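The sequence shown begins at 1 in full-length UniProt numbering and counts up by one. Each residue gets a CB set at the ideal place from its N, CA and C atoms; glycine is no exception. Remember, it's a predicted structure, so these values are computed and weren't measured experimentally. Notes to accompany the following structure.
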Amino acid sequence: MILLLEELHLTLVPLLLAAITQIANAQIVALGACPKVPQVADFNPQRYGGLWYEQEKYPFIFELGGKCVTAEYSLSADNTITVVNRQISTITGNEQKIFGSARRVGPSKLLVKFPMTFNIEAPYEVLDTDYSNYAVVYSCNNLGLVHTKVVWILTRDRFPSLDIMLKGQLTVPIILLASSLLSIEAQIASLGICPDVPKQHDFHPERFVGLWYEQERYPNVFELAAKCVTSEYSMNADTTFTITNKQINSLTGNESKYFGSARRTKISKYQVKFPFACE
């Protein structure tokens with residue numbers, strides 16, 4: 001809502017030109033070796049073939065600045081899989097396309113290769129899928145004392161129902177939730193002015209106060225490697241808000257806390273200020 005949240009999925013697991021490139025590819029870093037996770041025992045690559053739409057993922061450098069991400073898979077005569085990944089650049093509006101290949105090395109584990117990774121293969125594991133609605137894909141690389149990982153949720157429909165999304169989200173193993181999954185469109189610059197969006201016209205700030213738990217978001221630099229993020233709002237006598245944001249660092253386990261303030265500028269619009277940010 002695991003990056004930067006309008007594309008996502010089993011689409012681009014190219015990663016790693018070398019150790020340093022691996023970290024760039026899979027931007028969630030955690031201590032220790034890659035965790036063992038359940039996989040699809042009777043994975044059927046033929047049924048898995050076809051077009052998938054990315055819905056959510058951890059941050060992924062090869063999709064930076066992209067939206068409307070898709071991955072298309074087709075089984076070749078030699079049992080390898082041809083991969084075609086597409087996305088739209090949010091800067092130019094142009095479609096970007098890259099071709100890759102994958103070979104099966106386990107029941108539901110593939111090794112994927114793209115031209116820009118200098119023929120280095122990246123792991124691609126299908127953790128869950130019903131083939132016709134959703135798939136949960138995982139890639140993890142061991143780098144000595146740490147490992148890097150990416151998780152994608154893919155769907156067959158461009159705009160899946162909430163039920164389908166929940167199926168995908170609920171099958172992501174808890175051990176992989178080092179940071180909340182990110183929605184498809186990354187938090188990056190786009191051409192033009194901010195779009196006009198519908199707002200709540202009967203917003204009651206006094207009912208908004210209290211503790212809120214973050215579930216999904218666009219990527220946010222202030223929450224990199226964060227988990228268990230909360231925001232608590234309290235109203236002051238002058239109708240401004242005092243804000244307390246808390247999060248747990250997924251690398252150290254330490255809690256971080258930030259205090260800020262917000263002032264109301266419209267019915268449901270606020271200007272928020274923190275010590276580390278310009279107003």
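Chain-order list of residues whose beta-carbon lies under 7 Å from that of residue i (same chain, five-residue window excluded)
| i | result |
| --- | --- |
| Phe274 | Tyr258 and Gly260 |
| Glu121 | Leu111, Val112 and Lys113 |
| Leu51 | Thr70 and Glu72 |
| Thr244 | Glu232, Lys257 and Phe259 |
| Ala178 | Residue placement at Ala178 cannot be trusted, given a pLDDT of 43 that sits under 50; what the coordinates show is reported in the next sentence. So the list reads Ile28, Ala30, Lys227 and Ser250, once near-sequence residues are dropped. |
| Asn142 | Ala33 and Cys34 |
| Gly144 | none |
| Asp196 | none |
Rounded C-alpha distance that separates residue i from residue j
| i | j | result |
| --- | --- | --- |
| Leu170 | Asp238 | 42 Å |
| Leu110 | Lys199 | 44 Å |
| Thr92 | Met235 | 43 Å |
| Ala226 | Tyr218 | 13 Å |
| Asp78 | Arg104 | 11 Å |
| Phe43 | Val83 | 17 Å |
| residue 323 | Lys167 | Because the chain here runs from 1 to 279, residue 323 falls outside it and cannot be looked at. |
| Val137 | Ser74 | 17 Å |
| Gly49 | Trp152 | 16 Å |
| Gly106 | Val209 | 50 Å |
| Glu125 | Asn254 | 30 Å |
| Pro38 | Ser139 | 13 Å |
| Lys266 | Ser101 | 52 Å |
| Asp202 | Lys36 | 48 Å |
| Val146 | Thr252 | 12 Å |
| Thr90 | Cys68 | 9 Å |
| Pro45 | Ser76 | 11 Å |
| Ile88 | Ser108 | 29 Å |
| Arg47 | Cys194 | 41 Å |
| Pro160 | Thr129 | 14 Å |
| Pro205 | Val272 | 14 Å |
| Leu162 | Pro123 | 29 Å |
Chain-order list of residues whose beta-carbon lies under 8 Å from that of residue i (same chain, five-residue window excluded)
| i | result |
| --- | --- |
| Tyr270 | Phe241, Ala262, Arg263 and Arg264 |
| Pro115 | Ile98, Phe99 and Gly100 |
Identity of the residue in the options nearest residue i by Cα
| i | options | result |
| --- | --- | --- |
| Ala41 | Gly32, Lys246, Leu127 and Glu56 | Leu127 |
| Ser268 | Thr129, Val172 and Arg207 | Arg207 |
| Met165 | Lys36, Tyr53 and Ala33 | Tyr53 |
| Glu95 | Gly66, Leu75 and Pro115 | Gly66 |
| Trp212 | Gly168, Ser108 and Lys246 | Lys246 |
| Glu223 | Val150, Ile248 and Val272 | Ile248 |
| Val172 | Val150, Val197, Ser161 and Pro160 | Val150 |
Close beta carbons around residue i, own chain, < 6 Å, minus the five adjacent residues each side
| i | result |
| --- | --- |
| Glu214 | Val229 |
* Asked: Contact between the region 153–168 and the region 124–134: three or more CB pairs below 8 Å?
  -> Yes: the two stretches touch, three or more of their Cβ pairs being nearer than 8 Å.
* Fully enclosed by the UniProt domain "Lipocalin/cytosolic fatty-acid binding" (206–275), which beta strand (DSSP E) runs are 3 residues long or longer? -> Counting only runs of 3 or more, we get 210–213, 226–235, 241–249, 255–266 and 269–273.
* Asked: Can you list, in chain order, the stretches of the beta strand (DSSP E) that have 3 or more residues and sit fully within the region 35–83?
  -> Within the region 35–83, the complete beta strand (DSSP E) runs of at least 3 residues are 50–57 and 66–75.
* Along the chain, which unbroken stretches of the beta strand (DSSP E) at least 3 residues long are found entirely within the region 95–154? -> Runs of the beta strand (DSSP E) inside the region 95–154: 95–104, 109–113, 122–129 and 134–143.
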